[in-house]
């Protein structure tokens, strides 16, 4: 029995965390404001207080909805206005008899996960709801327009990822209190109702993304003068962008990406929506000028127009967007030189102009001072890099691949202490790889392949994965990381997002590099891809390659390497291995672990290699290639060859021991000694007869 003084104390509490139901039954806390309950069984006590002041927050339980215990015990005796059952596993119980509740809720939060089946029938008896969140509950069925109709004060309705389907049917009458609607990631089809702007004139937030909506965008959106965020992405919408969007003067975020929209960007949108800070029109079929000549975009932070059919040049009106931090116009049909005024956009952090037809040289000293990511790949840019990006000390990604740049890799590249991804492949760069590259300690991907680079492989280059930035970049601010193209396992992939933090590689293939592979390359223990193929490298494969524990792709083919292949069978992640078309000799690595999966193509083009999977047996007599004295020393250093001096000494010693053993046996055993000398005498006699019979024929004249 609970003492009276404790009852009084509990009545005075406004919060009662971790209270169990039996305590509630005994104390009858009529003034309790909030209850935090953790229920792990299906039994709920029917003795809860019956006052309207109680806000029930129930967490971490698995209950059917509707549930007779939950309905009668928790809700029936009192008017629980906010009921939050979020982050639970909710499922439907269709066998429960229909209940006519006596309560009226204002807030209902069932968000979490589970299979709700159909909407609980007690919803039909609710008329005072203001906030409903059933995110991630698989409710099925059609859009509950009746819920909005029955609750005239409803402000917020969140039903994302609820497996709802069918056409999007709206209430007939206008609902001025309704401000927040999220029905994203469902299976709605058909068109967006034309009267949506009339139905919800006071909307602040609308998310219809990730459905199967088709048809055009209604012009009635222009009647939503209070709308701040509109997301219609990932649907099948067609037609143009309505000019009436310009009437949504408070709009700050607009996402129409991944649809089939066509036409131009209406000038009314850019001029009228002066508060817009995020405009995403990616992956549509928009065309014409990429941006209106007149623009009121001083608040714009993100402008994503990639994956369309825009033509022409980048208009100077974008320079008016003084707060712009991300500009992505990749994968369009833009054709011009890169404007130099981009350098003056001091807020710019990410610039993506890739996959267009930009031509000419990069302007000298190009690049805003604080820019962190630059993507210029797959254009027609040319000329030397000179002083481009010279002052961009915060660069983390620089992708200039698939262009026609000439000259040398600039030495100032070593000044970018935060650079992690350097991609210069498929250009016409020449000269040696600058040693300043060794100053970059945060490198994750280096791709200098398919150029005309010469000289040696840098022994000091440092490439490692699992890179974490030590400073706040644009990615930390919520921007999406652009895709990077890199060849792994002989296949070119695009990587983006957090996966880039776990990729590391060095690709110097298809150049004119000479000399030996530095032993220090074997110290790159976190590298996953190493491609030195199609060069003129000589010498031995370093034994230190056995330290590349994370390596997945190792390609040394088409060089002039010699010597034997070191045992690399402990490289458990190795999926691609090629030493084809070199001058290697000796036995192939043992067919164990990953090496059991490699075929003949990994070793072909080495005439002195033997062993499986090659058809050539190591027991056949073959002429071994000659190895230079310098390589012998290197092999000794790496343990790749045997010590030849020791071999000769051991051979002569063994030969002498055999001869001495024979002499000792003949000395001890007279019978064997007589037989030995008799055999020698007989052999000499036969040799004499042979010479007498055959020598005259050698001097006979014909």
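In our numbering, the protein residues as written are 1 to 702. Backbone N, C-alpha and C fix where the C-beta goes; we use that ideal spot for every residue, glycine too. Just so we're clear, the structure is a prediction, and the values are computed from it rather than from any experiment.
With a threshold of 7 angstroms on Cβ separation, who are the neighbours of residue i within its own chain once the five nearest residues in sequence on each side are excluded?
i	result
residue 244	219, 221 and 222
residue 495	483, 484, 486 and 503
residue 141	118, 119 and 164
residue 428	404, 405, 406, 451 and 452
residue 525	547, 548, 549 and 550
residue 410	385
residue 473	Per-residue confidence for residue 473 stands at a pLDDT of 45, beneath the threshold of 50, marking its modelled position as unreliable; the derived number appears in the next sentence. Only 372 and 396 meet the Cβ criterion.
residue 104	79, 126, 127 and 128
Give me, in chain order, the residues of the same chain whose beta-carbon lies closer than 8 angstroms to that of residue i; leave out the 5 immediate sequence neighbours on both sides.
i	result
residue 690	none
residue 560	536, 537, 538, 582 and 583
residue 716	There is no way to answer for residue 716, as the model of the chain reaches only from 1 to 702.
residue 204	179, 180, 226, 227, 228 and 229
residue 512	452, 453, 454, 535 and 536
Taking the DSSP output, what are the residues bridged to residue i?
i	result
residue 373	350 and 397
residue 516	538
residue 326	302 and 350
residue 502	According to DSSP, which records beta bridges pairwise, residue 502 is partnered with nothing at all.
residue 153	Its beta-bridge partners do not exist; DSSP assigns none.
residue 507	447 and 531
residue 268	DSSP lists no partner for residue 268.
residue 260	238
residue 158	133 and 182
Alpha carbon to alpha carbon, what distance is there between residue j and residue i?
i	j	result
residue 578	residue 405	30 angstroms
residue 117	residue 161	13 angstroms
residue 437	residue 334	33 angstroms
residue 372	residue 260	32 angstroms
residue 63	residue 593	Only weak support exists for where residue 63 lies, its pLDDT of 45 falling under 50; the coordinates are left without a value.
residue 671	residue 651	31 angstroms
residue 394	residue 604	45 angstroms
residue 446	residue 301	30 angstroms
residue 370	residue 354	20 angstroms
residue 518	residue 607	25 angstroms
residue 521	residue 492	23 angstroms
residue 343	residue 388	10 angstroms
residue 217	residue 308	18 angstroms
residue 124	residue 188	22 angstroms
residue 542	residue 331	43 angstroms
residue 686	residue 654	32 angstroms
residue 145	residue 397	48 angstroms
residue 618	residue 660	33 angstroms
residue 674	residue 668	12 angstroms
residue 242	residue 214	15 angstroms
residue 501	residue 443	11 angstroms
residue 381	residue 425	13 angstroms
residue 338	residue 316	11 angstroms
How is residue i classed by DSSP in three states: helix, strand or coil?
i	result
residue 674	helix
residue 145	helix
residue 229	strand
residue 278	strand
residue 331	coil
residue 294	coil
residue 107	strand
residue 236	strand
residue 470	Low confidence applies to residue 470: its pLDDT is 40, below 50, so where it sits in the model is not reliable enough to give any reading.
residue 180	strand
residue 289	strand
residue 314	coil
residue 693	helix
Could you pull out every residue in the same chain whose Cβ sits closer than 6 angstroms to the Cβ of residue i, ignoring the five residues on either side in sequence?
i	result
residue 41	Low per-residue confidence applies at residue 41: pLDDT is 38, beneath 50, and the placement is therefore not dependable enough to give any value.
residue 510	449, 450 and 534
residue 246	268, 269 and 272
residue 231	207, 209 and 255
residue 532	508 and 556
residue 361	383
residue 455	432
residue 378	354, 355 and 402
residue 434	409 and 411
residue 530	506 and 554
residue 703	One cannot answer for residue 703 here, as it falls past the ends of the chain, which runs 1 to 702.
residue 328	304, 306 and 352
residue 153	130 and 177
ask   = Which runs of the beta strand (DSSP E) spanning at least 3 residues fall entirely within the region 198-222, listed in chain order?
value = You should have 205-207 and 212-215.
task = Any chance you could list the beta strand (DSSP E) runs of at least 3 consecutive residues sitting entirely within the region 415-442, in chain order?
result = DSSP runs (the beta strand (DSSP E)) wholly in the region 415-442: 421-423 and 430-432.
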